[in-house]
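Numbering (this note's numbering), first residue to last: 34 to 242.
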């Protein structure tokens, strides 16, 4: 399909995912700012490694692993090798705080490749925002979904017209409706609320591939 139609968006989930990215951005900025004060320039790939422990710098700073030291940028290597325990401890503290915060709070996987570093400032890219919104949304984006969507809208319109016709020809205070709410299990594309209004629920289109 050329055009996608948005039929459902979980705003709470989208905001939670955005918060995960903001948390990653904030911690990354804190580490970058600290290292910059020590005249150490690093890229986001290294920061990602620090936080996610793909490259275990936190224990490295404590244990001075010589093999791993060779993989560090020269300036950061010098910091680790130095005897400035205060700076080493502060760096370690920032890394561990980021790890703890993201481990305990993140609800989604944060893709650090979708963050960017511009003039020393960490930003969340438009690509990340789009990914966040898409993961919390359901679209009519396949032929099968389009068929169901169009039939559902046609059925909704027909039910509303039936209800309106009944109202026009039946004026008794005790209402007669063409369709009424009913309890039961199972996903429904169309629902009827207790006021008799027919509602389209785009969430359940997720089951249609």
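Built from N, CA and C at the ideal position, the CB exists for glycine as well.
Would residue i pass as a contact of residue j if the rule is Cβ separation under 7 Å?
i           : j           : result
residue 143 : residue 43  : no
residue 147 : residue 161 : yes
residue 233 : residue 187 : no
residue 157 : residue 58  : yes
residue 77  : residue 150 : yes
residue 212 : residue 192 : yes
residue 169 : residue 46  : yes
Rounded to whole angstroms, how far is the Cβ of residue i from the Cβ of residue j, which I believe are closer than 8 Å?
i           : j           : result
residue 41  : residue 236 : 5 Å
residue 141 : residue 203 : The Cβ separation is near 51 Å, so there is no contact.
residue 138 : residue 56  : 6 Å
residue 225 : residue 189 : So it is not a contact: roughly 10 Å between Cβ atoms.
residue 165 : residue 37  : With a Cβ gap of about 16 Å, residue 165 and residue 37 do not count as contacting.
Opposite residue i in the DSSP bridges: which residues?
i           : result
residue 225 : 231
residue 42  : 170
residue 157 : 148
Between residue i and chain B, is the shortest Cβ-Cβ distance under 7 Å, so that the two count as touching?
i           : result
residue 172 : Among the protein chains of the structure shown there is no chain B, as only one such chain exists.
Does the ligand ADP have a heavy atom nearer than 6 Å to the CB of residue i?
i           : result
residue 222 : You won't find the ligand ADP in this model; it holds no ligand whatsoever.
Is there contact between the segment 63–71 and the segment 173–187, where contact requires at least three CB pairs shorter than 8 Å?
no
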